[in-house]
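Here is the structure we will look at.
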Amino acid sequence: MPGSRQARVPDNGLRAVVLDIEGTTGSLGHVRDVLFPYARERFAPWLAAHRGTAPWRQILDAVTAHTGTAHDEASALALLEQWADADVKAAPLKTLQGLIWADGYAAGELCGHVYPDVPPALRHWKSRGTGRFVYSSGSVAAQRDWFGHTAHGDLRPLLDGYFDLTTTGPKADPDSYRAIAADLGHAPADLLFVSDVGAELDAAAAAGWRTAAVRRPGDERAAVTGHEAVASLTPLVSRPGPGGPAAPVDTHTQEHPNDE
Ligand SMILES: [Mg+2]
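Below, the structure written as structure tokens:
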């Protein structure tokens, strides 16, 4: 495995972990209450400020490609706002949100939310030579920005790669997980997908992956059934299970115990 200092396969054969963001490694509320509104109120000014530039053209072309109909700025804006209000996971929307958030991270106005158990789990898997990847509906650029600007510092050195809707496909489609497994060059049975959404976990399981369902404390949604249930990543690295070793781990790190 690239970057692995450990030639041998870990005891349980786990080659890589693929993590969802919202509701899994980061707070669902942060996306809904902070990031989405931050981008939503900047769609119109962003398009106006970038009118005629390459990124502006990229967004209009993406809306046209997504809908199969030509759009000018006004009609594209109306659609983007409509998608945002309905939380439609449309790639052009995700691209525009990512561009706007990048400005916010650069300006120090935004920070990616990451639960405190995530950095030690990533360090653990890294120490064992287990690959660490992210698969989110948010664009790869937005994922990098999220993990690059957290209360725990820049976590990008702990991650090996990122997958999104455009690189891989919908998260509830088993083919997406087959594509990731092929890309990583590992058998699906040696890969673990961790998410808070049952349909995504079902898709990964249908593709032969190991799965773990995260339901964070305070998340009021019904529990996901049919998959191992955990409240954080810690059980996945501290006891036998779909992601864990037989041996205990260094979880020295509840460094931000009050950070939700
Ligand atoms: Mg999620």
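Just so you know, we're using this note's numbering here: the sequence shown kicks off at 1152 and counts up by one. Backbone N, C-alpha and C fix where the C-beta goes; we use that ideal spot for every residue, glycine too. From a predicted model like this one, the values you see are computed outputs, not experimental measurements.
Residue span of the beta strand (DSSP E) that contains residue i, given as start and end
i	result
threonine 1385	Not the beta strand (DSSP E): threonine 1385 falls in the alpha helix (DSSP H), residues 1385-1389.
arginine 1361	1361-1365
leucine 1309	No beta strand (DSSP E) contains leucine 1309, which DSSP labels as neither H nor E.
glycine 1282	1282-1286
Residue i in three-state terms, based on DSSP
i	result
alanine 1380	strand
threonine 1301	strand
valine 1345	strand
glycine 1369	coil
glycine 1263	strand
arginine 1156	Since pLDDT at arginine 1156 reaches only 40, below the 50 mark, its modelled position is unreliable, and no value is offered.
histidine 1337	coil
aspartate 1296	helix
leucine 1352	helix
alanine 1374	coil
valine 1291	helix
alanine 1357	helix
alanine 1332	helix
Chain C contact for residue i (CB, 8 Å cutoff)
i	result
phenylalanine 1314	In the structure shown, chain C cannot be found, because there is only a single protein chain.
Same chain, Cβ closer than 7 Å to residue i, five either side skipped, listed in chain order
i	result
alanine 1350	Ala1323
tryptophan 1207	Leu1198, His1201
lysine 1277	Arg1283, Leu1309
6 Å CB neighbourhood of residue i in its chain, flanking five on each side removed
i	result
leucine 1352	Ser1346, Thr1362, Ala1364, His1378
valine 1185	none
glycine 1359	Pro1339, Ala1340
aspartate 1268	Ser1383, Leu1384, Thr1385
glycine 1177	His1264, Val1265
alanine 1242	Leu1316, Thr1317
Limits of the alpha helix (DSSP H) - the one that residue i falls within
i	result
leucine 1273	1269-1278
aspartate 1236	1224-1236
proline 1243	1242-1257
alanine 1323	No alpha helix (DSSP H) contains alanine 1323, which DSSP labels as neither H nor E.
leucine 1211	1205-1218
Cβ shell of residue i (< 8 Å), same chain only, five flanking positions each side left out
i	result
leucine 1310	Leu1273, Arg1283, Phe1284, Val1285, Phe1298
alanine 1382	Val1365, Arg1366, Arg1367, Pro1368
histidine 1222	Leu1211, Val1214, Thr1215, Leu1230
Anticipated Cβ contact below 8 Å, residue i with residue j, distance rounded
i	j	result
valine 1328	proline 1339	Just to set this straight, residue 1328 is tyrosine in the shown sequence, not valine. The pair is a contact, with the Cβ atoms about 7 Å apart (cut-off 8 Å).
Scan the region 1158-1201 and note each continuous beta strand (DSSP E) run of 3 residues or more that stays entirely inside, going in chain order.
Listed in chain order, the beta strand (DSSP E) runs fully inside the region 1158-1201 are 1167-1170, counting runs of at least 3 residues.
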